[in-house]
Amino acid sequence: MPVRLHSMSTESTPAECHRGSASCSFSGVSTKVVGRSKWSSAIRPVWQSGTMNLRHDMRGPMNRSLFWTTFATVFLAEVGDKTQLAAMTATVRSGQIWTVFLAASAALVCATAIGVALGGVLFRYIPESAIKWAAGTAFIAVGLWVLIKG
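So the sequence shown is residues 507 to 656, counted in the working numbering.
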């Protein structure tokens, strides 16, 4: 079964990811990363080709090394990040621990789904070495910008 982003339709859900688009809304604030038609046309061939196929991915035992490497990388990248600071600020201001936790978790899941889907598309059309080089260059550029701008 191909991976699909399903809409969450209940009013009480803290986040909503729209099927076929890279848009999410949180508490009435909507963010659209890529236009709906561009996103759909970019992702549809990957879904239909089986490149991102859950059944295929779940055959055999899970790659524990990949799991823990991914977990550690994302965890270390997020600790002390502006996302965590925003969640702390929202909790302090509202006092609504579970609401902020659920909304922040849903936002991270939505953002991660977009990243994984884009990674599947990029992997299909661009060599892995070029993606690594571009990502490394972007991180270095942002790091230098932060150092220079203070």
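Every residue gets a Cβ at the ideal spot worked out from N, C-alpha and C, and that includes glycine.
Local conformation of residue i per DSSP, three classes
{"i": "Met568", "result": "coil"}
{"i": "Val585", "result": "coil"}
{"i": "Gly601", "result": "coil"}
{"i": "Ala521", "result": "Any reading at Ala521 is ruled out, since the residue's pLDDT is 40, under 50, leaving its predicted position unreliable."}
{"i": "Ile632", "result": "coil"}
{"i": "Gly541", "result": "For Gly541, the predicted structure reports a pLDDT of 44, less than 50, and the residue's modelled location is therefore unreliable. A value from the coordinates is still provided. In the structure shown, Gly541 sits in coil (DSSP, three-state: anything other than H, G, I, E or B)."}
Contact under 8 Å by Cβ, residue i with residue j
{"i": "Thr597", "j": "Val585", "result": "no"}
{"i": "Ala610", "j": "Ala636", "result": "no"}
Practice item. Would you check if the region 611–628 and the region 641–656 touch, i.e. whether three or more CB-CB distances between them fall below 8 Å? Key: Counting C-beta pairs with one atom in each stretch, the region 641–656 and the region 611–628 have fewer than three that are closer than 8 Å, which means they do not touch.
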